[in-house]
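Each residue of the sequence shown is one higher than the one before, starting from 178 at the first, in the numbering used here. All C-beta atoms, glycine included, are put in the ideal place defined by N, C-alpha and C. The structure under discussion appears below in the form of structure tokens.
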Amino acid sequence: MLKELENKILKKKAKIGIIGLGYVGLPLAITFFKSGFKVYGIDIDEDRVVRLKKGKSYILDVSSSDIKEAMASGRLVVSTDFSLIKALDAVIICVPTPLYKTKEPDVSYIAAAVEKIKRYMKRGQLVVLESTTYPGTTEEVMLPVLESGGKKEGKDFYLAFSPERVDPGNARYNTKNTPKIIGGLSKESTGISKLLYEQAIDTVVPVSSAKVAEMVKLLENTFRIVNIGLVNEVMLLCDKLGINVWEVIDAARTKPYGFMPFYPGPGVGGHCIPVDPIYLSWKARQYGFEARFIELASYINSEMPGYVVRKISEALNEIEKPLRRSRVLVMGVAYKKDVKDLRESPALEIIELLIKKGAIVSYYDPLFPYLKIHNINLKCVEFNKASLGESDCVVIVTDHSDVDYQFVARNASLIVDTRNILKDIKNKANIVRL
Ligand SMILES: NC(=O)c1ccc[n+]([C@@H]2O[C@H](COP(=O)([O-])OP(=O)(O)OC[C@H]3O[C@@H](n4cnc5c(N)ncnc54)[C@H](O)[C@@H]3O)[C@@H](O)[C@H]2O)c1
178 MLKELENKIL KKKAKIGIIG LGYVGLPLAI TFFKSGFKVY GIDIDEDRVV RLKKGKSYIL
238 DVSSSDIKEA MASGRLVVST DFSLIKALDA VIICVPTPLY KTKEPDVSYI AAAVEKIKRY
298 MKRGQLVVLE STTYPGTTEE VMLPVLESGG KKEGKDFYLA FSPERVDPGN ARYNTKNTPK
358 IIGGLSKEST GISKLLYEQA IDTVVPVSSA KVAEMVKLLE NTFRIVNIGL VNEVMLLCDK
418 LGINVWEVID AARTKPYGFM PFYPGPGVGG HCIPVDPIYL SWKARQYGFE ARFIELASYI
478 NSEMPGYVVR KISEALNEIE KPLRRSRVLV MGVAYKKDVK DLRESPALEI IELLIKKGAI
538 VSYYDPLFPY LKIHNINLKC VEFNKASLGE SDCVVIVTDH SDVDYQFVAR NASLIVDTRN
598 ILKDIKNKAN IVRL
């Protein structure tokens, strides 16, 4: 059976299913399509499926022309029908892994997808989980369900974990040229998933188990959250000492080894950095272990929106204006530049805090015409002299590329720049940096 699957993969005859067509699943589907496979995308979101059938992409890193080409070729099928799984040789799960309000991992999307796979599973199928999750999920959550019908992993089906490392909006690294880690439950599973991914992805790095692969991803994102937390704390200290932290980092990065620059900012956002390390600290607690770096970095980073609001308030105070009733224009609400994604964006918390303190808040973000935060509804303002000039303070939260910041600098009376995007403008008292 393994030989048969190997042959199908090598001849590009294997049918590949992707469950969950979001930021991770859709680029992956197109990557497998481009390498010659027939790909079946399954999502519970009917809207997304309809849009794809019309040849329209909703993900920044996937062009509509790629979707049109794939759909027209007949080698990309998209559907909400899970019974398609019956015909597949490999099924790759790319569903969300958020946190519950209690900050506990919500693996219910994985569990739902696995139930569907179990229902339609055929012998000899390869199942790979790509969603980021705590070490042990593949073995503890997926394996028992898939084996419950009597099938044996490594013999009747193959199961592996392969973390997705995609960085939305990154022009240099994409799904194809970012090395892929793979760890199977059995050596057969590692081998067959390595073979599959090698057909579409430039570099595949096998590791000894699914648990190791799960931990690799969490180490990577913990590394980021801790270093961001560290640099945010250094920024708070530099503020007290009257030192420009941005200049310090720029100088430190001239060291050719042993230093990697991270930058302070208004807080961390997105589906990964603020969430994934919490999966790890939750798992650690089950073993009576406290993941102190993660907890501390999360705490420091979560304080940043409040710090930004204090900066705005102090800057207004300098010109004898109270925050209450002042007009504050928030520039950029996405969680990171050039990405149409609001998940966990610190801009949302900054807006809520400003409104709570009585400021009159507006926002500008070319990627979001409207914004809804709980019961707050806002409409994006025009980017012009009037909207900038009417504001008592403009706060740059997300530094999208297609915005003329020199125009902002010329027309705003007071700016709080959380991204140092106006670094070339020196010695202007009306520009306040982190
Ligand atoms: N976005 C990133 O930059 C990124 C990077 C690396 C890893 N990841 C991880 O990848 C996983 C997916 O993230 P994403 O950003 O692609 O999420 P997403 O929300 O963009 O997409 C998930 C898709 O899964 C669909 N879905 C949900 N439940 C489903 C089910 N039971 N069956 C079929 N489809 C279902 C949703 O409708 C949605 O289209 C997460 O674990 C995330 O942590 C994300």
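| Asked | Found |
| --- | --- |
| Sequence-distant residues of the same chain with beta carbon closer than 6 Å to residue 382, five excluded per side | 356, 358 |
| Rounded C-alpha distance that separates residue 432 from residue 237 | 34 Å |
| Distance between residue 524 and residue 511 (C-alpha atoms, nearest Å) | 7 Å |
| Minimum C-alpha distance to residue 410 - residue among 457, 429, 360, 475 | 475 |
| Contained alpha helix (DSSP H) runs [length at least 4] in the segment 329-373, N- to C-terminal order | none |
| Nearest-angstrom Cβ-Cβ length linking residue 361 and residue 335, presumed shorter than 8 Å | 7 Å |
| Identity of the residue in 584, 294, 482 nearest residue 611 by Cα | 482 |
| Span separating the alpha-carbon of residue 569 from that of residue 576 | 20 Å |
| 4-residue-minimum alpha helix (DSSP H) runs that sit fully inside the segment 230-290, ordered along the chain | 241-250 |
| Simplified DSSP state of residue 204, which is helix, strand or coil | helix |
| Inter-residue spacing [alpha-carbon to alpha-carbon] between residue 463 and residue 279 | 15 Å |
| heavy atom of ligand 1 below 7 Å from residue 341 C-beta | yes |
| Residues of its chain near residue 441, where Cβ-Cβ distance is below 7 Å and the 5 sequence neighbours each way are ignored | 408, 409, 412, 422, 611 |
| Reduced DSSP secondary structure (H/G/I, E/B, other) of residue 482 | helix |
| CB of residue 520 within 8 Å of CB of residue 447, strictly | yes |
| Reference residue 562; option with closest CA among 327, 513, 590, 342 | 590 |
| Residue 279 CB to nearest heavy atom of ligand 1 below 7 Å | no |
| Reference residue 490, options 536, 455, 478, 516, closest by Cα | 536 |
| Residue 478 burial status per 10 Å Cβ neighbour count (16 or more: buried) | buried |
| Check whether residue 534 and residue 500 have beta carbons under 8 Å apart | yes |
| C-alpha distance - residue 377 paired with residue 352, whole-angstrom precision | 9 Å |
| For residue 240, the nearest candidate out of 581, 583, 346, 506 (CA to CA) | 346 |
| Short Cβ contact (8 Å threshold) for residue 187 with residue 219 | no |
| Environment of residue 231 [buried if 16+ CB atoms lie within 10 Å] | exposed |
| Length of the line joining the Cα atoms of residue 557 and residue 527 | 16 Å |
| Reduced DSSP secondary structure (H/G/I, E/B, other) of residue 520 | coil |
| Contact the segment 397-407 vs the segment 206-218: 3+ CB pairs below 8 Å | no |
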